[in-house]
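Q: One structure coming up, written as C-alpha cells, with questions to follow.
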Amino acid sequence: MAVVKGSPHQRLRVVAYNPATDFIRNTFLILLLAAALVGAYFAGSWHVSTKLSEVENQKEVIEKDLTEKTSKVDVLTQRVAVLEEGSKLDKQASDAVRQSVKEYRDRIAELEKEVTFYKNIMAPGGPNTGLHIQKIELSSTPEAERFKFKIVLTQLEKNQSYLNGQAAVNIIGQLDGKKTIYSLRELSEDYKDLGIKFRFRYFQNILGEIKLPTGFKPEEVQVILQTTGKQPVRVEKAFTWVMGESVNNVGQ
545 MAVVKGSPHQ
555 RLRVVAYNPA
565 TDFIRNTFLI
575 LLLAAALVGA
585 YFAGSWHVST
595 KLSEVENQKE
605 VIEKDLTEKT
615 SKVDVLTQRV
625 AVLEEGSKLD
635 KQASDAVRQS
645 VKEYRDRIAE
655 LEKEVTFYKN
665 IMAPGGPNTG
675 LHIQKIELSS
685 TPEAERFKFK
695 IVLTQLEKNQ
705 SYLNGQAAVN
715 IIGQLDGKKT
725 IYSLRELSED
735 YKDLGIKFRF
745 RYFQNILGEI
755 KLPTGFKPEE
765 VQVILQTTGK
775 QPVRVEKAFT
785 WVMGESVNNV
795 GQ
C-alpha cells in the first residue's frame with residue numbers, strides 16, 4: 545500500500561518592522577558613498593597638483609638657464625668691446641689678445657644660439673610645431689674609434705603636454721665596401737634595448753658613447769621617434785656624420 549506523506553510545515557519568523565533602523569542604515573550607506581567620492585576627488589586633485597608642480601619646476605629651470613646665458617652674452621660682449629678698444633690704442637696688440645677676442649666671439653655666438661633655442665621652446669612660432677629632432681652633436685675621444693654623441697629632442701607647441709615614446713638610433717656607413725647598418729645598442733655600452741624611452745615636455749637630451757668597428761666608415765646617423773598615446777606620431781631624420789653640431793631645427 546502506498547504511503548501518502550504530507551508536505552513538511554515551514555516555520556515562519558515574524559520580524560518587527562522598524563523604520564528608524566532602515567533610516568539609519570540608509571543614511572550610513574549614503575555617508576559612506578559620499579566619503580568615497582570625496583576621497584577620490586582629493587586623490588585626483590593631488591595627482592593633478594603634483595603634475596603641475598613638475599611642469600612649473602621644469603619651466604623655472606629653463607627660464608633660469610635662459611637668464612644666465614643672456615647675462616653671459618652681455619658680459620662677453622662688453623669684454624670684446626674693451627679688448628678691441630685696447631687694440632686700437634696699441635697697434636702692437638699681442639696674439640694672445642686677438643685670440644681672446646676670437647674665443648669670446650665664438651662663445652657669444654654659441655650662447656646666442658642657446659638663447660634662441662630656449663626662447664623658441666618657451667614661445668614657439670612658425671609652422672614647424674610638434675615633435676622635432678633638434679640637433680645631433682658628435683665629438684671625438686682620445687680613442688680613435690670611440691665617439692661621444694648628443695641627440696636633442698624638442699617639442700614646439702604653445703600648449704605643451706608631456707610626450708612619451710621611444711627613439712631608435714642607427715649608424716649607417718660602409719664596411720669592406722658594403723653598406724652596413726648598426727643599431728645604437730650594438731655600438732654603445734650605454735644602451736641595451738632596441739628603443740630608448742623618452743618623456744619630456746620641452747626638450748630631452750640623449751647622451752652616450754659609441755665604439756665603431758675597425759674598418760667601418762660612418763656616413764649617416766638615422767634617428768626615428770615614435771610616440772605613444774591616442775594620436776601616435778612618428779618622426780624620422782638622417783644626419784650626415786660630421787664632428788660638432790649637425791643640424792638645428794628649432795625655429796625653422
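First residue of the sequence shown? That's 545 in my numbering, and the numbers climb one at a time after it.
Note that CB positions come from ideal geometry on N, CA and C, so glycine has one too.
1. Please check the pair Ser732 and Glu763, which I expect to be a contact at CB under 8 Å, by giving their CB distance rounded to whole angstroms.
2. Taking the straight line between their C-alpha atoms, what separation do you get for Phe760 and Gly721?
3. How far does the alpha helix (DSSP H) with Leu700 in it extend, from its first residue to its last?
4. By the 10 Å Cβ neighbour count, where 16 or more other Cβ atoms means buried, how is Ala625 classified, buried or exposed?
5. Is it right to say Ile574 is buried, meaning 16 or more other beta carbons lie within 10 angstroms of its own, or is it exposed?
6. Only counting the same chain, and skipping five residues up and downstream in sequence, which positions put a Cβ closer than 7 Å to that of Leu633?
7. Classify Lys613 as helix, strand or coil using the three-state DSSP reduction.
8. Let me know the secondary structure DSSP gives Glu763 once reduced to three states.
9. Can you tell me the Cα-Cα spacing of Leu627 and Ile695, whole angstroms?
10. I'd like to confirm the pairing. Which residues does DSSP put opposite Thr771 in its beta bridges?
11. Looking at the structure shown, is Arg743 part of a helix, part of a strand, or coil, going by DSSP?
12. Can you give me the start and stop residues for the beta strand (DSSP E) that Leu682 sits inside?
13. Quick one: measure Cβ to Cβ for Arg743 and Lys736, integer angstroms, because I've assumed they're closer than 8 Å.
14. Measuring alpha carbon to alpha carbon, tell me which residue in Ser615, Trp785, Asn708, Val765 is nearest Lys774.
15. Taking buried to mean at least 16 other C-beta atoms within 10 Å of its own C-beta, is Ala711 buried or exposed?
16. Which of helix, strand or coil does DSSP assign to Thr758?
A: In short, the structure shows the following:
1. Residue numbering aside, residue 732 sits at position 188 when the sequence shown is read from its first letter. Residue numbering aside, residue 763 sits at position 219 when the sequence shown is read from its first letter. Incorrect: roughly 18 Å between the Cβ atoms, too far for contact.
2. If you number the sequence shown from 1, residue 760 lands on position 216. If you number the sequence shown from 1, residue 721 lands on position 177. Going from the Cα of Phe760 to the Cα of Gly721 covers about 9 Å.
3. Locating residue 700 in the sequence shown gives position 156, counting from the first residue. It is not in any alpha helix (DSSP H) - Leu700 instead sits in the beta strand (DSSP E) that spans 690-700.
4. As a position in the sequence shown, residue 625 is number 81, starting the count at 1. With fewer than 16 other Cβ atoms within 10 Å, it is exposed.
5. Stepping through the sequence shown from its first residue, residue 574 is reached at position 30. When all chains shown are included, Ile574 counts as exposed.
6. On the sequence shown, residue 633 is found 89 positions in, with the first residue counted as 1. Confidence in Leu633 is poor, its pLDDT being 48 and thus under 50, which makes the residue's placement unreliable; the coordinate value appears in the next sentence. Apart from sequence neighbours up to five positions away, no residue of its chain approaches Leu633 with a beta-carbon distance below 7 Å.
7. Counting from one through the sequence shown, the residue named residue 613 turns up at place 69. Helix, per DSSP.
8. Along the sequence shown, read from residue 1 onward, the residue named residue 763 stands at position 219. It is a strand residue.
9. To locate residue 627, count along the sequence shown from 1; it is residue 83. To locate residue 695, count along the sequence shown from 1; it is residue 151. Going from the Cα of Leu627 to the Cα of Ile695 covers about 36 Å.
10. Taking the sequence shown and counting its residues from 1, one reaches residue 771 at position 227. Answer is Gly709.
11. Position 199 of the sequence shown, counted from the first residue, corresponds to residue 743. In this structure, Arg743 counts as strand in the three-state DSSP scheme.
12. Against the sequence shown, residue 682 aligns to sequence position 138. Annotation for Leu682: the continuous beta strand (DSSP E) segment containing it runs 674-684.
13. Along the sequence shown, one-based indexing puts residue 743 at 199. Along the sequence shown, one-based indexing puts residue 736 at 192. Your pair Arg743 and Lys736 does not check out as a contact, with CB atoms roughly 19 Å apart and the cut at 8 Å.
14. Here residue 774 refers to the residue found at position 230 when the sequence shown is read from its first residue. Nearest of Ser615, Trp785, Asn708, Val765 to Lys774, Cα basis: Asn708.
15. Along the sequence shown, read from residue 1 onward, the residue named residue 711 stands at position 167. So Ala711 ends up on the buried side.
16. For the purposes of this step, residue 758 is taken as residue 214 along the sequence shown, with counting starting at 1. Note: Thr758 maps to coil in three-state DSSP.
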